[in-house]
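Novice: Before I ask anything, here is the structure I am working with.
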Amino acid sequence: MGPFSGLQGGAVAGLMTCELEQLACANNLGNAVSASIEFLRPTKPGKLRTQADIVHRGRRVSVLSNKVFQEDKCTARASVCFIHSIDTPAIAPPPQEIVDPQRFSILPTMKAIHGQPWMMDNFEVRRSENGVMWFRYINDIVSGMTPMARVLGPADWTHGLDRPNSPRLADPNINLTVVLSRPPIGEFIGIQPQTTWMPSGIGMGDGVLSDQEGPFGRVMMSVALTELV
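The numbering of the sequence shown is my numbering, which starts it at 8 and goes up by one.
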């Protein structure tokens, strides 16, 4: 579960994306470099059906899509881009910024508004001195967890990690976009979050994604702010 009425968005996104990454691997389509997820309606616990397709298969770049259906209604859809890597010796590798997230203390588990078990219970979370939140899975959310799918679980929390204390608003994100320059390394996914809340009731979350060797991507989402009743 997520903090509101349905499954956590990162779990739904991970389900769709993991299937696409496995399909891309079977067809030798390269690595997932971007994922764009749209949450059309809450996905409830229960049986789900997916529909994966290869939209475009190119010599170097391919695009795959997936949808989640529940009771014949589409609740979410995903578009993932894949690129074949090539060697470019003229480009120097980025400097490594070695971090050991295990040296930071584990934070107390946050509780959901509904008071029931939720996806955050499946993460060990730590915070570094510079405000990076480090996530490590306790259990995989899908079998055969793939790199992009593993990132989406923590990434979907980005807008909630830096949310203002007042006013008290529900902040469901309606989409999730992640771009990677390389697959993550190690068990930990780090997020340096930032949020923007507007009087129009529209919000935005974004953040830098890091692992133990430095930044490897970014996350962004739009937020439909709603008053709590």
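Built from N, CA and C at the ideal position, the CB exists for glycine as well.
Do you know offhand how far LEU179's Cα is from LEU232's?
Specialist: According to the sequence displayed, residue 179 carries Pro and not Leu. Spanning the two alpha carbons is a distance of roughly 7 Å.
Novice: Report the three-state DSSP secondary structure of PRO154 (helix, strand or coil).
Specialist: PRO154 falls in the helix class under three-state DSSP.
Novice: Can you tell me where the alpha helix (DSSP H) with MET23 in it begins and where it stops?
Specialist: 16 to 33
Novice: With 16 other CB atoms within 10 Å as the buried threshold, where does SER69 fall?
Specialist: SER69 should be labelled buried.
Novice: Distance check for GLN58 and GLN201, CA to CA, integer angstroms please.
Specialist: Those two C-alpha atoms are separated by around 33 Å.
Novice: Short check: CB of ARG143 to CB of PRO191, under 8 Å?
Specialist: no
Novice: Between which two residues does the alpha helix (DSSP H) containing THR165 stretch?
Specialist: 165 to 168
Novice: Determine the direct distance from the alpha carbon of ALA20 to that of TRP125, and round the result to whole angstroms.
Specialist: 16 Å
Novice: Once DSSP output is grouped into helix, strand and coil, what is the label at GLY221?
Specialist: strand
Novice: Does the ligand SAH have even one heavy atom less than 7 Å from the beta-carbon of ALA59?
Specialist: This structure lacks the ligand SAH; in fact it carries no ligand of any kind.
Novice: Please confirm whether PRO115 has its beta-carbon closer than 8 Å to some beta-carbon of chain D.
Specialist: Any reference to chain D falls outside this structure, which holds one protein chain only.
Novice: Contact defined as beta carbons within less than 8 Å: I believe PRO108 pairs with GLN219. What is the distance between those atoms, to the nearest angstrom?
Specialist: By a beta-carbon distance limit of 8 Å, PRO108 contacts GLN219. Their separation comes to about 7 Å.
Novice: Three-state secondary structure (DSSP) at ARG110?
Specialist: helix
Novice: Does the Cβ-Cβ distance between ARG56 and PHE76 come in under 8 Å?
Specialist: yes
Novice: Take every Cβ of the segment 13 to 33, pair it with every Cβ of the segment 73 to 89, and state whether three or more of those distances are shorter than 8 Å.
Specialist: yes
Novice: Would you grab the beta carbon distance between GLU212 and MET228 for me? Rounded to a whole angstrom, and I think it's under 8 Å.
Specialist: One detail in the question is off: residue 212 reads as Gly in this sequence, not Glu. The Cβ separation is near 5 Å, so the contact holds.
Novice: Within the continuous beta strand (DSSP E) that includes GLU131, where are the two ends?
Specialist: Residues 130 to 134.
Novice: For ASP163, count neighbouring C-beta atoms within 10 Å of its own C-beta (all shown protein chains included) and say buried if the count is 16 or more, exposed if not.
Specialist: buried
Novice: Can you pull the DSSP bridge partners for GLU234?
Specialist: In DSSP, GLU234 forms a bridge with LEU176.
Novice: Across which residues does DSSP place VAL40 in a beta bridge pair?
Specialist: Paired residue(s): none; VAL40 is not in a bridge.
Novice: Just list the residues that DSSP pairs GLY197 with in beta bridges.
Specialist: Paired residue(s): TRP141 and SER217.
Novice: With DSSP run on the structure shown, which of helix, strand or coil describes MET126?
Specialist: helix
Novice: Alpha carbon to alpha carbon, how far is MET8 from GLN15? Give it in angstroms, no decimals.
Specialist: Near 5 Å, if we compare the C-alpha coordinates of MET8 and GLN15.
Novice: Does DSSP classify GLY210 as helix, strand or coil?
Specialist: strand
Novice: Taking only the alpha-carbon atoms, compute the straight-line gap between ILE44 and MET140 and give it to the nearest angstrom.
Specialist: 22 Å
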